[in-house]
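Asker: Structure in structure tokens, see below.
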Amino acid sequence: MIRLTIPSIEKDDLDAVSEALASGYLVQGPRVAAFEEKLAAKVGVPHAIAVSNCTAALQLSLLALDMRPGDLVLVTAYSWIATANAIELSGAQPVFVDVDPETFNMAPAALAEKLSSLRAVGETSRRVRAILPVHTFGQMADMDAINAIAKDVPVIEDAACALGARWNGRQAGAASTMGCFSFHPRKAITTGEGGAITTRDADLAKRLRALRNHGQDPTAPSPDFIMPGFNMRLTEMQAALGQTQLAKLDRIVTARRRLAALYDAAFAKTAITPPRVPAASEPVYQSYVVLLPKEAPRATIIAKMRERGVETTIGTWHMPLTSFYKARYGHRPGEFPATDDVFARSMTLPLYESMTDAQIAEVAQALIDLVAR
Ligand SMILES: Cc1ncc(COP(=O)(O)O)c(C=O)c1O
Numbered sequence: 027m028i029r030l031t032i033p034s035i036e037k038d039d040l041d042a043v044s045e046a047l048a049s050g051y052l053v054q055g056p057r058v059a060a061f062e063e064k065l066a067a068k069v070g071v072p073h074a075i076a077v078s079n080c081t082a083a084l085q086l087s088l089l090a091l092d093m094r095p096g097d098l099v100l101v102t103a104y105s106w107i108a109t110a111n112a113i114e115l116s117g118a119q120p121v122f123v124d125v126d127p128e129t130f131n132m133a134p135a136a137l138a139e140k141l142s143s144l145r146a147v148g149e150t151s152r153r154v155r156a157i158l159p160v161h162t163f164g165q166m167a168d169m170d171a172i173n174a175i176a177k178d179v180p181v182i183e184d185a186a187c188a189l190g191a192r193w194n195g196r197q198a199g200a201a202s203t204m205g206c207f208s209f210h211p212r213k214a215i216t217t218g219e220g221g222a223i224t225t226r227d228a229d230l231a232k233r234l235r236a237l238r239n240h241g242q243d244p245t246a247p248s249p250d251f252i253m254p255g256f257n258m259r260l261t262e263m264q265a266a267l268g269q270t271q272l273a274k275l276d277r278i279v280t281a282r283r284r285l286a287a288l289y290d291a292a293f294a295k296t297a298i299t300p301p302r303v304p305a306a307s308e309p310v311y312q313s314y315v316v317l318l319p320k321e322a323p324r325a326t327i328i329a330k331m332r333e334r335g336v337e338t339t340i341g342t343w344h345m346p347l348t349s350f351y352k353a354r355y356g357h358r359p360g361e362f363p364a365t366d367d368v369f370a371r372s373m374t375l376p377l378y379e380s381m382t383d384a385q386i387a388e389v390a391q392a393l394i395d396l397v398a399r
């Protein structure tokens, strides 16, 4: 079976984890601090706060902005459900924004329209507290346009899939108020479970460090608790792995880009649409996601690909049309036309560093054959 993904785990990764275990210091110690320092340097910001996963990173970044019931957070409609859940569970309400049908990212024009309709009414204008674009499948959203539209509203990047990606030369996680990363095994580098928040803002960094550790003041010489907080810490074993993985990031991303270009070439002049990469964008291809022609029976194609030994899946989720958000806010098909379309037609193909050119060719040909039928 050609798997959707296989993490790049090598001997130095195994050694780093064993060494951390053998040290007897297992939680939130020197390896976590060193991992945070290296991650911050990589992203190009002064602060990185390691947490237990990206869902925690999103929750803490919203809480650090002091989200309250009734607050509104504008968020892309097409993402893994954790993005919307973090908003809902912070007490705020997600206000979904449609995507660009070719890049799968929040469409700046749709954001501008929704924001201006909220700003037109004093009551809703006051409730707008944050904008949460997602760097879908490892390609950054148009952060220049989004920041310009946001003006003074804080922007949180869901950069779960996008460590190493750039937009106009700016790194994911460095293009807004806060960036949230995931180190789940389906990402380019992994710590098993794991996440982090990056920021330039020292005050937010302090709040985030307190929130992840029971509300404890991270700067006080003796323990004191400055707010209610969670235990959302990273272990030393994960941070040891994070450091060895981070050292491989550029190599892994280079390989993923090369393999993605092979897929692009294979799908040129076919009915399958490869992902569009705007000129400003340097994606990391956390997932390689194509659009099938409208009439193609996607579920059957996914099943037939499996029969041929290739694991594939849908792209990601139409969050407003999942049962909970549909029932709670009355969303309906047609409200987010681009999301409706890409949710129905997108398909994720295998992509990982150790994939061979022959495997890429095999997957591409199998898909081209099945779509042609
Ligand atoms: C866009 C996006 N946001 C958030 C998450 C949540 O990340 P984690 O699994 O680390 O909690 C994911 C995970 O796949 C994701 O793809």
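Residue numbering for the sequence shown follows this note's numbering, starting at 27 and increasing by one per position. The C-beta atom is built at its ideal place from N, Cα and C for all residues, glycine as well.
1) Shortest alpha-carbon distance to P120 belongs to which of P159, R226, R259 and A90?
2) Count Cβ pairs between the segment 120-136 and the segment 360-378 that sit closer than 8 Å; are there 3 or more?
3) Determine the contact status of A46 and E63, defining contact as a CB-CB distance below 9 Å.
4) If V389 and V336 are in contact, beta carbons under 8 Å, what's the gap, nearest whole angstrom?
5) Where DSSP assigns a beta bridge to I24, which residues make up the other side?
6) Is F209 near ligand 1, with its Cβ less than 8 Å from a heavy atom?
7) Any heavy atom of ligand 1 within a distance shorter than 8 Å of the CB on D267?
8) What runs of the beta strand (DSSP E), each 3 residues or longer, lie entirely inside the segment 28-70?
9) Check whether the Cβ of V181 sits closer than 8 Å to any heavy atom of ligand 1, and report yes or no.
10) Examine ligand 3 and report whether any of its heavy atoms sits within less than 8 Å of the Cβ of L47.
11) For A42, collect the residues of the same chain with a Cβ closer than 8 Å to its Cβ; drop the 5 residues on either side in sequence, then sort them by chain order.
12) Are at least three pairs of beta-carbons, each pair with one atom in the segment 99-113 and one in the segment 336-355, less than 8 Å apart?
13) In the structure shown, what three-state DSSP assignment does M373 receive?
14) For A198 versus A185, is the C-beta distance shorter than 9 Å?
15) Near G190, what residues of its chain come up, given a Cβ to Cβ distance below 6 Å and the 5 sequence neighbours on each side ignored?
16) Classify F251: buried if its beta carbon has 16 or more other beta carbons within 10 angstroms, exposed otherwise.
17) When burial is assigned at 16 or more other CB atoms within 10 Å of the CB, is L84 buried or exposed?
18) Buried or exposed: which applies to F130, given that a residue is buried once 16 or more other Cβ atoms fall within 10 Å of its Cβ?
19) Quickly, what does DSSP pair Q197 with across the bridge? List them, please.
20) Using a Cβ-Cβ cutoff of less than 7 Å, which residues in the same chain neighbour R153 once the five nearest sequence positions on both sides are dropped?
21) By Cβ distance below 7 Å, which residues in the same chain neighbour P180 in space, the five residues on each side in sequence not counted?
22) Could you check if L84 belongs to the surroundings of ligand 1, using beta carbon to heavy atom distance under 8 Å?
23) Give me the Cα-Cα distance between A135 and G164, rounded to the nearest whole angstrom.
Answerer: From the atom records:
1) P159
2) yes
3) no
4) 5 Å
5) What is shown of the chain runs 27 to 399, which leaves residue 24 out entirely.
6) F209: yes, Cβ under 8 Å from ligand 1.
7) It should be noted that the sequence gives Leu, not Asp, for residue 267. For ligand 1, not one heavy atom lies less than 8 Å from the Cβ of L267.
8) none
9) Every heavy atom of ligand 1 is 8 Å or more from the Cβ of V181, so no.
10) Although ligand 3 was asked about, the structure shown includes only ligand 1 as ligands.
11) Correct list, in chain order: A266, L267, Q269 and T270.
12) Output reads yes: the segment 336-355 touches the segment 99-113.
13) DSSP places M373 in strand when its eight states are reduced to three.
14) yes
15) L275, V279 and V310
16) F251 comes out exposed.
17) buried
18) buried
19) R192
20) G96, D97 and L98
21) L91, A156 and T203
22) Yes - ligand 1 has a heavy atom lying nearer than 8 Å to the Cβ of L84.
23) 21 Å
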